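Beneath this line is the structure, given in structure tokens, with notes to follow.
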Amino acid sequence: MNSSDNASWVRCYLGLGSNLATELGLPVEHIQHALTILGEHTQIRDLQASSFYASKPMGPQDQPDFINAVVGFETILAPLELLDVCQHLEVEAKRARLRHWGERSLDVDILLYGQAQINESRLIIPHAGISDRNFVLVPLREIAPVLMIAGKPIVAYPLSADWTDLTQLNIDHTNSHNDKVL
Ligand code: AMP
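Structure follows, in structure tokens:
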């Protein structure tokens with residue numbers, strides 16, 4: 260028996276997005292790499308990733324479409340520790356941000372941390388963008404169809420009527436380095 264057997268595991272969901280290639284890879288590869296790192300984390304288990312989706316940018320339209328995915332897992336990390344992990348993933352992807360609502364090599368948001376409601380300077384949970392973004396709600400519904408968000412079932416959150424901005428992609432979650440992980 261190891262120390263984590265007694266710890267309390269909390270189911271969490273992250274939203275990942277990328278629309279900027281760097282010397283480290285294409286947007287899809289940034290997300291695949293982040294999934295690999297999360298899957299190998301010793302304080303994370305039972306990881307389940309959604310399909311990858313292409314979505315139109317919310318901000319300036321003269322930028323590439325985003326690749327988005329949602330990942331769910333159990334963790335014994337505290338909320339701010341999990342935020343540190345997310346921000347480390349962004350730094351590792353050499354997060355470049357050229358302008359507000361603009362291109363980025365990797366964005367990782369904590370959508371939900373169990374049923375916690377957190378309102379701190381560094382961390383707001385549930386994430387404010389869940390309820391009005393198809394590129395979050397659709398992949399989240401895909402992996403967690405009976406999820407409760409702030410006391411309401413996920414199916415009670417209406418999807419935007421405009422589906423022209425979202426396409427489900429036929430891409431493997433894994434890359435050549437992480438076949439064993441997912
Ligand atoms: P952005 O990269 O634009 O999504 O925002 C990054 C900032 O949002 C960071 O300073 C975080 O501390 C803050 N933040 C607040 N709530 C969250 C959350 N649920 N997930 C990720 N970052 C968050």
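Residues 260 to 441 (the working numbering) make up the sequence shown, in order.
The C-beta atom is built at its ideal place from N, Cα and C for all residues, glycine as well.
If you're wondering where the values come from, they're calculated on a predicted model, not measured in any experiment.
task: Report the residue from Phe325, Gln376, Ile296 whose alpha carbon sits nearest the alpha carbon of leucine 306.
output: Position 47 of the sequence shown, counted from the start, is the residue given in the question as residue 306. Per the Cα distances, Ile296.
Nearest-angstrom Cα distance between serine 314 and proline 385? Your numbering for residue 314 matches position 55 in the sequence shown. Your numbering for residue 385 matches position 126 in the sequence shown. The alpha-carbon separation between serine 314 and proline 385 amounts to approximately 22 angstroms.
Q: Would you kindly work out how many angstroms separate the C-alpha atoms of lysine 353 and glycine 284, rounded to a whole number?
A: By one-based count along the sequence shown, residue 353 stands at place 94. By one-based count along the sequence shown, residue 284 stands at place 25. Between lysine 353 and glycine 284, the C-alpha separation is close to 10 angstroms.
- Item | Which of helix, strand or coil DSSP assigns to glycine 331 | Start at 1 with the first residue of the sequence shown, and residue 331 comes out as number 72. If DSSP states are grouped into helix, strand and coil, glycine 331 belongs with the strands.
* Asked: CB leucine 425 to CB tyrosine 312, shorter than 7 angstroms?
  -> Locating residue 425 in the sequence shown gives position 166, where the first residue counts as 1. Locating residue 312 in the sequence shown gives position 53, where the first residue counts as 1. Yes; because the gap between Cβ atoms is below 7 angstroms, this pair is in contact.
message = Between which residues of its own chain and isoleucine 335 is the CB-CB distance below 8 angstroms, once the five residues before and five after are set aside?
response = One-based indexing of the sequence shown puts residue 335 at position 76. Closer than 8 angstroms at the Cβ level, and outside the excluded window around isoleucine 335, lie Ser263, Ala266, Ser267, Trp268, Val269, Gln302.
**Message:** Assuming contact is defined by CB atoms lying nearer than 7 angstroms, are leucine 418 and isoleucine 389 in contact in what I supplied?
**Reply:** As a working note, residue 418 is residue 159 in the sequence shown. As a working note, residue 389 is residue 130 in the sequence shown. In this structure, leucine 418 lies away from isoleucine 389, with their beta-carbon atoms at least 7 angstroms apart.
Open item on the list: Does the beta-carbon of aspartate 368, which I'm using as the reference point, lie nearer than 6 angstroms to any heavy atom of the ligand AMP?
Closed with: The count along the sequence shown starts at 1 and reaches residue 368 at position 109. True, at least one ligand heavy atom lies under 6 angstroms from that Cβ.
(message) Which same chain residues end up closer than 8 angstroms to aspartate 324 when comparing Cβ atoms and leaving out the 5 residues on each side of it in sequence?
(response) To locate residue 324, count along the sequence shown from 1; it is residue 65. So the qualifying residues of the chain are Asn278, Ala313, Ser314, Lys315, Pro316.
Quiz item: Taking the C-alpha atoms as reference points, what is the distance between leucine 396 and aspartate 343?
Solution: Against the sequence shown, residue 396 aligns to sequence position 137. Against the sequence shown, residue 343 aligns to sequence position 84. Approximately 24 angstroms between the Cα atoms of the pair.
- Message: Spatial neighbours of leucine 428 within its chain, please: C-beta separation below 7 angstroms, excluding the five flanking residues on both sides.
- Response: Numbered from 1 along the sequence shown, position 169 holds the residue referred to as residue 428. Ser310, Phe311, Tyr312, Ala313.
Exposed or buried, tryptophan 422, counting other C-beta atoms within 10 Å across all chains shown (16 or more means buried)?
Translated into the one-based positions of the sequence shown, residue 422 becomes position 163. Label assigned to tryptophan 422: exposed.
- Go ahead and pull the three-state DSSP assignment for aspartate 431. On the sequence shown, residue 431 is found 172 positions in, with the first residue counted as 1. Assignment of aspartate 431 by DSSP, reduced to helix, strand and coil, places it in the coil class.
The ligand AMP and isoleucine 384: does the residue's C-beta get closer than 6 angstroms to at least one heavy atom of that ligand?
On the sequence shown, position 125 is the one that residue 384 refers to. Distances between the C-beta of isoleucine 384 and the heavy atoms of the ligand AMP include at least one below 6 angstroms.
In the structure shown, what three-state DSSP assignment does proline 338 receive? Start at 1 with the first residue of the sequence shown, and residue 338 comes out as number 79. Helix.
| query | Around the Cβ of aspartate 366, are there at least 16 other Cβ atoms within 10 angstroms (buried) or fewer (exposed)? | reply | As a first step, residue 366 must be located in the sequence shown, where it is residue number 107. Within 10 angstroms of the beta-carbon of aspartate 366 lie 16 or more other beta-carbons, which makes it buried.
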